[in-house]
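In the numbering used here, each residue carries its 1-based index in the sequence shown increased by 1378. A short write-up of the structure that comes next.
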Amino acid sequence: MMRLRLTDRRGSALQRREARAGYLFISPWVFGFLALTAGPMVVSLYLSFTDYSLVNETHQVGLENYRQLFEDPRVGKSLANTFVYAAMFVPLGIVVALGLALLLLRLGRFSGFFRTVFYLPVMTPGVAAGAMFLLLLNGQRGLLNDVLGWFGITGPNWTTDPAWLKPSLAVVSLWTMGGSIIIYLAALNNVPKQLYEAALLDGAGPVRRFVSVTLPMISGALFFTVITHTIGAMQMFDQAFTMYYGPQQGATASDESLVYMVYLFQNAFQYFRMGFASALAWVLFAIILVITVVQVRVGNRFVHYEGGSTR
């Protein structure tokens, strides 16, 4: 009995030491989260009910910022542009990333090199990518239109024609698909080979095997990237600002290229309407939260989890 109590005491002491060590290791993250994420969020929520502007005295204004938000036509325009961009980018990005992952799957020993090549653009700053594509998509001297001209195709004015502003932004965003390619490649490598063999014995062709075996087995990865791509698309800023609202383009920028985060940035750091910008940020947070909840509720019906069940 004494030995059992002694063992219990030693076990509980070990558990306490492990718990303290665990808390110690995660303390930098907890501090960073409180100081750099949770803290600023609370402050911005408070500022959304004020007229804080960096230069004038701050006053409480209640829901006035939110009322102005619904009356400002540029808020609705920027939000509509963001939704259109997200509707273009999310499916296009998933198709392109999945297609490239399927190609990598067939490369065998050379896939490691191309994995690195496809992922390297992710390391490129968004501002640098935006500046590069601003040159590539130039309607008169851009490389893309020059290449299209070799085939007798007259390319559009990607960065000035209002009809092509959002599609060009969606194309530019494909530059950052390297992370999704790696996720899809890992999911494809984990599909059991015996499932393909069984489908082949049943007479299923390539398309049928892809639809009935591949897609269900990688549905978890697809579900994850749909959510992350949607959140990223709703927060698009760097490429849009660099391409359409830089020092040379800002004066002639069209409202067709105005995405929500750019308008938020303008209110905060150009017009110094920090309170209004904070209200914009919290409305975007609420919109993203609602979209994510809907995606989770709907997506869980179609996602195949380990064990062959859905949640």
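Glycine residues also receive a C-beta, built at the ideal position from the N, C-alpha and C atoms. Nothing here was measured: the structure is a model prediction, and the numbers come from that model.
Asked                                                                                                                                                                                 : Found
Taking the alpha helix (DSSP H) that I1559 falls in, what are its first and last residues?                                                                                            : 1556-1567
Would you mind stating whether S1635 and L1566 have Cβ atoms separated by less than 8 Å?                                                                                              : no
Do Y1444 and A1659 have their CB atoms nearer than 8 Å?                                                                                                                               : no
Where does S1687 sit, in a helix, a strand or coil, going by DSSP?                                                                                                                    : Low confidence applies to S1687: its pLDDT is 47, below 50, so where it sits in the model is not reliable enough to give any reading.
Alpha carbon to alpha carbon, what distance is there between G1598 and T1592?                                                                                                         : 11 Å
At the level of alpha carbons, what is the spacing between I1596 and F1588?                                                                                                           : 10 Å
Can the beta-carbon of Q1673 be found closer than 8 Å to that of T1608?                                                                                                               : yes
Using a Cβ-Cβ cut-off of 7 Å (strictly less than) and excluding sequence neighbours within five positions of L1425, which residues of its own chain qualify?                          : M1652, G1653, S1656
Roughly how many angstroms separate the alpha carbons of R1689 and L1600, rounded to a whole number?                                                                                  : In this predicted model, R1689 has a pLDDT of only 45, less than 50, meaning its place in the structure is not dependable; the value taken from the coordinates is given anyway. In a straight line, the C-alpha of R1689 is about 16 Å away from that of L1600.
What residue ranges within the segment 1425-1496 form continuous alpha helix (DSSP H) runs of no fewer than 4 residues, ordered along the chain?                                      : 1442-1449, 1451-1483
Going by alpha carbons, who is nearest to H1506 out of V1525, T1554, L1476, G1520?                                                                                                    : A small correction: the amino acid at residue 1506 is Ala; His does not occupy that position in the sequence shown. Checked all of V1525, T1554, L1476, G1520; the closest Cα to A1506 is T1554.
Examine the Cβ distances between the segment 1516-1533 and the segment 1437-1454 and report whether three or more of them are shorter than 8 Å.                                       : no
Please classify S1551 as buried or exposed, where buried requires at least 16 neighbouring CB atoms within 10 angstroms.                                                              : buried
Can you find the residues in the same chain that come closer than 7 Å, C-beta to C-beta, to T1436, ignoring five residues on each side of it along the sequence?                      : T1428, D1429, Y1430
For A1611 versus V1640, is the C-beta distance shorter than 8 Å?                                                                                                                      : no
Determine, using beta carbons only, whether R1452 and D1633 come nearer to each other than 8 Å.                                                                                       : yes
Please classify L1382: is it buried, with 16 or more other beta-carbons within 10 angstroms of its beta-carbon, or exposed?                                                           : Annotation note: pLDDT 48 at L1382 (below 50); position unreliable, coordinate value reported separately. With fewer than 16 other Cβ atoms within 10 Å, it is exposed.
Classify W1528 as helix, strand or coil using the three-state DSSP reduction.                                                                                                         : helix
Tell me whether the segment 1531-1541 and the segment 1484-1493 touch, counting them as touching only if at least three CB pairs, one residue from each stretch, are closer than 8 Å. : no
Counting only beta-carbon separations shorter than 8 Å, does P1451 have a partner in chain C?                                                                                         : In the structure shown, chain C cannot be found, because there is only a single protein chain.
At what residue ranges does the segment 1612-1661 contain a whole run of the beta strand (DSSP E), taking only runs of 3 or more?                                                     : none
Start and end of the alpha helix (DSSP H) containing G1504?                                                                                                                           : 1504-1514
On the criterion of 16 or more Cβ atoms from any shown chain inside 10 Å, does Y1622 qualify as buried, or is it exposed?                                                             : buried
If distances are taken between C-alpha atoms only, which option among R1675, L1512, V1500 comes closest to S1546?                                                                     : L1512
Go ahead and label F1467 buried or exposed: buried means 16 or more other beta carbons lie within 10 angstroms of its beta carbon, across all protein chains shown.                   : buried
Could you give the first and the last residue of the continuous alpha helix (DSSP H) run that contains Q1518?                                                                         : Per DSSP, Q1518 belongs to no alpha helix (DSSP H) and is neither H nor E.
Can you check which of these residues, V1637, I1666, F1647, R1675, is closest to A1458 by C-alpha distance?                                                                           : V1637
Between which residues of its own chain and G1504 is the CB-CB distance below 6 Å, once the five residues before and five after are set aside?                                        : D1616, Q1617
Helix, strand or coil for A1582, going by three-state DSSP, please let me know.                                                                                                       : coil
So what does DSSP say about I1596, is it helix, strand or coil?                                                                                                                       : coil
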